[in-house]
Every structure is written in C-alpha cells, then in structure tokens.
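Scroll down for the structure; my scribbles are underneath it.
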Amino acid sequence: MSKSQISKVGIIGSGTMGIGIAQVATTSGCDVFLYDANSWQTEKSLLGLKSTLNKLVEKQKIAQEKADEIFGKIKFCTEISELKDCDLVIEAIIENADIKKKVFAELESFVSENCIISSNTSSISITSLSADLKKPERFIGIHFFNPAPLMPLVEVIPGLLTKEDLAKEIYDLMKSWGKVPVIAKDIPGFIVNRIARPFYGEALRIAEENIATPEQIDDAMRTLGNFRMGPFELMDLIGIDVNFAVTTTVYKDYFYDAKYKPSLLQQRMAEAKLLGRKTGKGFYDYSENGQKPIPEKDENLYQQIFMRIISMLINEAVEAKRLKIASDEDIELAMQKGVNYPKGLLSWGKEIGYQKVSEMLQNLYEEYQEERYRQSPLLRKL
Ligand SMILES: NC(=O)c1ccc[n+]([C@@H]2O[C@H](COP(=O)([O-])OP(=O)(O)OC[C@H]3O[C@@H](n4cnc5c(N)ncnc54)[C@H](O)[C@@H]3O)[C@@H](O)[C@H]2O)c1
Numbered sequence: 000m001s002k003s004q005i006s007k008v009g010i011i012g013s014g015t016m017g018i019g020i021a022q023v024a025t026t027s028g029c030d031v032f033l034y035d036a037n038s039w040q041t042e043k044s045l046l047g048l049k050s051t052l053n054k055l056v057e058k059q060k061i062a063q064e065k066a067d068e069i070f071g072k073i074k075f076c077t078e079i080s081e082l083k084d085c086d087l088v089i090e091a092i093i094e095n096a097d098i099k100k101k102v103f104a105e106l107e108s109f110v111s112e113n114c115i116i117s118s119n120t121s122s123i124s125i126t127s128l129s130a131d132l133k134k135p136e137r138f139i140g141i142h143f144f145n146p147a148p149l150m151p152l153v154e155v156i157p158g159l160l161t162k163e164d165l166a167k168e169i170y171d172l173m174k175s176w177g178k179v180p181v182i183a184k185d186i187p188g189f190i191v192n193r194i195a196r197p198f199y200g201e202a203l204r205i206a207e208e209n210i211a212t213p214e215q216i217d218d219a220m221r222t223l224g225n226f227r228m229g230p231f232e233l234m235d236l237i238g239i240d241v242n243f244a245v246t247t248t249v250y251k252d253y254f255y256d257a258k259y260k261p262s263l264l265q266q267r268m269a270e271a272k273l274l275g276r277k278t279g280k281g282f283y284d285y286s287e288n289g290q291k292p293i294p295e296k297d298e299n300l301y302q303q304i305f306m307r308i309i310s311m312l313i314n315e316a317v318e319a320k321r322l323k324i325a326s327d328e329d330i331e332l333a334m335q336k337g338v339n340y341p342k343g344l345l346s347w348g349k350e351i352g353y354q355k356v357s358e359m360l361q362n363l364y365e366e367y368q369e370e371r372y373r374q375s376p377l378l379r380k381l
C-alpha cells in the first residue's frame with residue numbers, strides 16, 4: 000500500500016496522544032475513526048479539540064472552513080469494530096504491553112489483510128508487541144511526541160518481524176503529514192526516550208535529595224540551558240504516570256541498568272494520581288486558584304543543577320552515537336524536533352567541552368559510587 004492509499008486511519012485511545020494524532024491525520028486530509036474504551040474520554044477530547052481549533056481560527060492561523068473540515072473528518076466510534084475498513088490503525092492506549100497485545104489480537108480479527116497496525120508506544124518493544132499477531136510483518140512503531148500537532152518529530156520503528164519496505168512507506172506518509180520522521184532501532188526508549196531519561200531522572204534525584212526544589216530545577220534548566228520547559232513542567236505535561244511507565248520499561252528492558260533506575264518520588268506521585276495537567280495537579284497545581292511557587296534564585300546552585308543534568312544527557316547522546324542507534328544527524332534532529340531541546344546534544348557537548356562533561360560525571364561517580372554515573376567509553380575519546 001502506498002502512502003496515497005492510506006486515507007482511513009483508525010486511532011485507538013483518545014487521550015493526550017490519540018486526539019493529537021487524530022488532529023494531525025485529519026489536517027492532512029485523512030478520515031479518522033477514533034475509538035476509546037471510555038467514551039467519556041472521547042467526548043472530553045473532542046470538546047478540547049473543538050476549543051483548540053476555535054482558538055486557531057480566532058488567531059487567524061486557520062480558516063473556519065478548515066477547522067470544520069478537520070473536526071468533521073473525525074468519526075467518534077463506540078465500538079472498536081467500527082475501525083474495520085481502516086488502511087492504518089495507530090494505537091495510543093495505556094502504556095501496558097499485555098493490554099496493548101489484547102487490543103491488537105482483537106483488531107486483527109476484523110481488519111483487512113492489508114491494514115497496517117501500529118503502536119505509538121513510548122518504550123515497549125515493537126518486536127514483542129508484534130510477536131503474537133497472525134501477520135507480524137504488517138506491524139510497526141509510529142511514535143509521535145507530545146503535543147502531536149506541534150512537535151514535528153516522529154520516530155518510525157520497524158521491529159525484527161516488520162516487512163522490509165514498511166518503514167520507508169510510513170516514513171513517506173509521515174513526511175506527507177508534514178512531520179519530521181527518523182528511523183529508529185527497536186531498542187528500549189528508541190532514540191529520544193532513551194537519551195532524554197536523565198532530563199527527568201536526574202532532576203527527580205536532585206529534588207529527592209533536597210538539593211533544590213522542582214521550581215528551582217525548572218528555572219535553572221530554562222535560564223541556563225534555554226530549555227523551553229523544565230523537567231517537572233514537562234513531566235506534568237507528559238503525565239507523571241506515562242513518564243514513570245516509560246522509565247520503568249526502559250530500566251527493566253536494559254536488564255536493570257542503574258543508569259535508568261526510576262525514582263521513588265515519581266512512583267508515589269503516580270500512586271497518588273497526581274498525574275500533572277491532566278488531573279489538575281502534579282508537581283504544580285493547575286486548578287483555578289493554583290499558583291506556581293516562585294523559585295529562590297541561586298547562581299551557584301543553578302550552575303550545578305544545569306551541569307549535572309546536561310552532562311548526563313550528553314553522555315547518553317554520545318553512547319547512542321557509539322552504539323549507532325541512529326545517525327549523528329538523526330540523534331541531533333530527534334532531540335530538537337521531538338522534545339524541543341534548544342540544541343543537539345552532540346554539538347552541545349562540543350561547545351561545553353567533552354572533557355568538562357567527563358569530569359562532571361567522574362566527580363558524581365566518585366561521590367555516589369554508583370553505576371548510574373558511568374561514562375560512555377566514547378566520551379573520553381572525543
Ligand atoms: N503522553 C505523552 O507525552 C506520550 C508521548 C508519546 C507517546 N505516548 C504513548 O502514547 C500512548 C498513550 O498515551 P497518552 O498520554 O495519550 O495516555 P492517556 O492516559 O492520555 O490516554 C490513554 C487512553 O487510552 C484509553 N484506553 C485504555 N485502555 C484501553 C483499551 N483497552 N482500549 C481502548 N482504549 C483504552 C484510556 O481510556 C485513555 O483515554 C502510550 O503508549 C504512551 O506511552 C505518550
């Protein structure tokens with residue numbers, strides 16, 4: 000099937016990602032069949048989309064006709080079987096392998112032989128998700144970033160059983176949808192979610208150790224690193240549960256590598272359902288009267304926070320380069336177009352000085368005596 004033949008797109012899960020992907024697909028002219036196990040979620044998401052589109056019209060970013068067209072192309076499905084005629088199905092439900100596999104098995108019982116089945120999973124192995132399908136060769140990872148209509152990057156991830164030409168076909172389709180696709184290897188966290196782990200993990204650790212508050216850490220990363228959002232602001236946007244699930248999966252799938260060890264603080268937040276913006280409260284309070292605490296500025300502390308987190312990130316990018324997880328260009332592009340980093344991490348490492356980065360990690364390693372601060376063998380050679 001060529002990209003031009005993909006006109007009916009099924010989306011399973013109408014939460015944060017599903018509704019965003021629906022907007023991307025209908026903006027490109029596709030008809031979307033949107034299904035969620037909780038129909039109230041679809042109703043809520045459609046209301047949200049309507050208000051987003053209204054704002055775009057008010058700001059004269061799109062015409063009223065285009066807004067109506069985008070909205071009108073989404074069919075609200077109350078039964079999953081209504082996706083039976085789709086050319087492509089993108090799953091965006093809860094980050095749980097068993098639940099996803101159940102949905103794929105059901106889907107395969109009624110879609111056509113040629114229907115492409117894909118997952119928007121952030122971290123679960125594409126190969127494992129495809130393994131029990133009758134036709135695993137039609138399965139592929141299509142990983143959008145949050146918010147899907149705004150973030151250009153899409154990681155296209157063929158699994159071991161995916162047929163050879165499918166990655167190229169989806170790559171072309173994503174380009175035609177106005178996205179910036181990169182092809183990633185089916186390894187835990189793919190490109191972005193592997194390299195970006197320390198952005199959250201190290202920030203959580205600094206907060207857990209009472210070295211700084213979340214608002215100080217966010218402020219340090221925004222002011223010294225020019226990141227558009229700090230780690231805690233971003234976790235609140237992504238969803239604490241989703242971010243925690245990704246970290247846990249990456250940790251387990253790298254055979255419990257200490258570098259990716261999840262945070263207890265984040266686990267408690269997820270248990271308490273303080274999930275961020277979607278529940279109105281996470282690290283920050285998003286309720287009507289909620290106010291963001293004003294950070295107590297401290298230049299030395301900010302420098303220490305920034306250097307600690309950026310060094311961990313650069314180390315991950317260097318390790319990804321060493322392992323050829325993607326080309327150098329795609330490693331740079333992925334972090335900028337997927338999570339809005341102001342620069343590529345490899346060029347950032349050069350700018351700061353790889354030696355300085357290596358010294359920072361060595362100091363942390365000596366202080367904590369933990370594998371978490373292990374350096375990529377390539378870092379010292381650069
Ligand atoms: N949030 C992000 O930043 C982000 C970014 C990229 C990828 N992802 C991935 O996208 C997927 C969805 O994440 P999200 O943030 O949109 O989650 P979400 O919690 O906002 O939405 C998930 C939706 O799936 C529905 N659902 C759960 N089980 C279902 C089932 N069996 N059948 C049908 N619907 C079901 C839920 O009702 C919910 O509406 C996950 O795999 C996540 O890892 C998330």
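Going by numbering that gives the first Met the number 0, the sequence shown wraps up at 381, each residue one higher than the last.
Even for Gly, the Cβ is constructed at its ideal location relative to N, Cα and C.
As the structure is a prediction and not an experimental result, all values here were calculated from the model.
Check                                                                                                                                                                  : Outcome
Whole-angstrom Cβ separation of A202 and F231, contact assumed at under 8 Å?                                                                                           : 7 Å
Indicate whether K7 and D86 have their beta-carbon atoms separated by less than 8 Å.                                                                                   : yes
Given the structure, does T426 come close to ligand 1, in the sense that its CB is under 7 Å from one of the ligand's heavy atoms?                                     : With the chain covering only 0 through 381, there is no way to say anything about residue 426.
Under three-state DSSP, which class holds E331?                                                                                                                        : helix
Just the Cα atoms here: how many angstroms apart are E328 and S27?                                                                                                     : 27 Å
Verify the contact flag: V179, CB atom, against every heavy atom of ligand 1, threshold strictly below 7 Å.                                                            : no
With three or more beta-carbon pairs closer than 8 Å as the criterion, would you say the region 76-95 touches the region 240-256?                                      : yes
Enumerate in chain order the residues of its own chain whose CB-to-CB distance from D256 is below 8 Å, with the five nearest sequence positions on each side excluded. : Y250 and E370
Comparing C-alpha positions only, which one of G19, P376, T248 and Y364 sits nearest to W176?                                                                          : G19
Verify the contact flag: I237, CB atom, against every heavy atom of ligand 1, threshold strictly below 7 Å.                                                            : yes
From the DSSP output, in three-state form, read off G71 for me.                                                                                                        : helix
With a threshold of 7 Å, establish whether the CB of N37 neighbours any heavy atom of ligand 1.                                                                        : yes
Would you kindly check if the distance between the Cβ of V88 and the Cβ of G9 is under 8 Å?                                                                            : yes
Spatial neighbours of S38 within its chain, please: C-beta separation below 6 Å, excluding the five flanking residues on both sides.                                   : T77
In the DSSP assignment, find the unbroken beta strand (DSSP E) run with F138 in it and report its ends.                                                                : F138 to F143
Alpha carbon to alpha carbon, how far is P187 from S122?                                                                                                               : 6 Å
If you run the structure through DSSP and keep just helix, strand and coil, what is L159?                                                                              : coil
Per DSSP, C76 is paired with what?                                                                                                                                     : Y34
Per DSSP, P180 forms a beta bridge with which residues?                                                                                                                : V153
Using a threshold of 7 Å, is the CB atom of G17 nearer than that to any non-hydrogen atom of ligand 1?                                                                 : yes
Buried or exposed: K296, going by 16 or more other Cβ atoms within 10 Å of its Cβ?                                                                                     : exposed
With 16 other CB atoms within 10 Å as the buried threshold, where does A104 fall?                                                                                      : exposed
Closer than 7 Å: is that where the CB of N119 sits relative to any heavy atom of ligand 1?                                                                             : yes
Would DSSP call G9 helix, strand or coil?                                                                                                                              : strand
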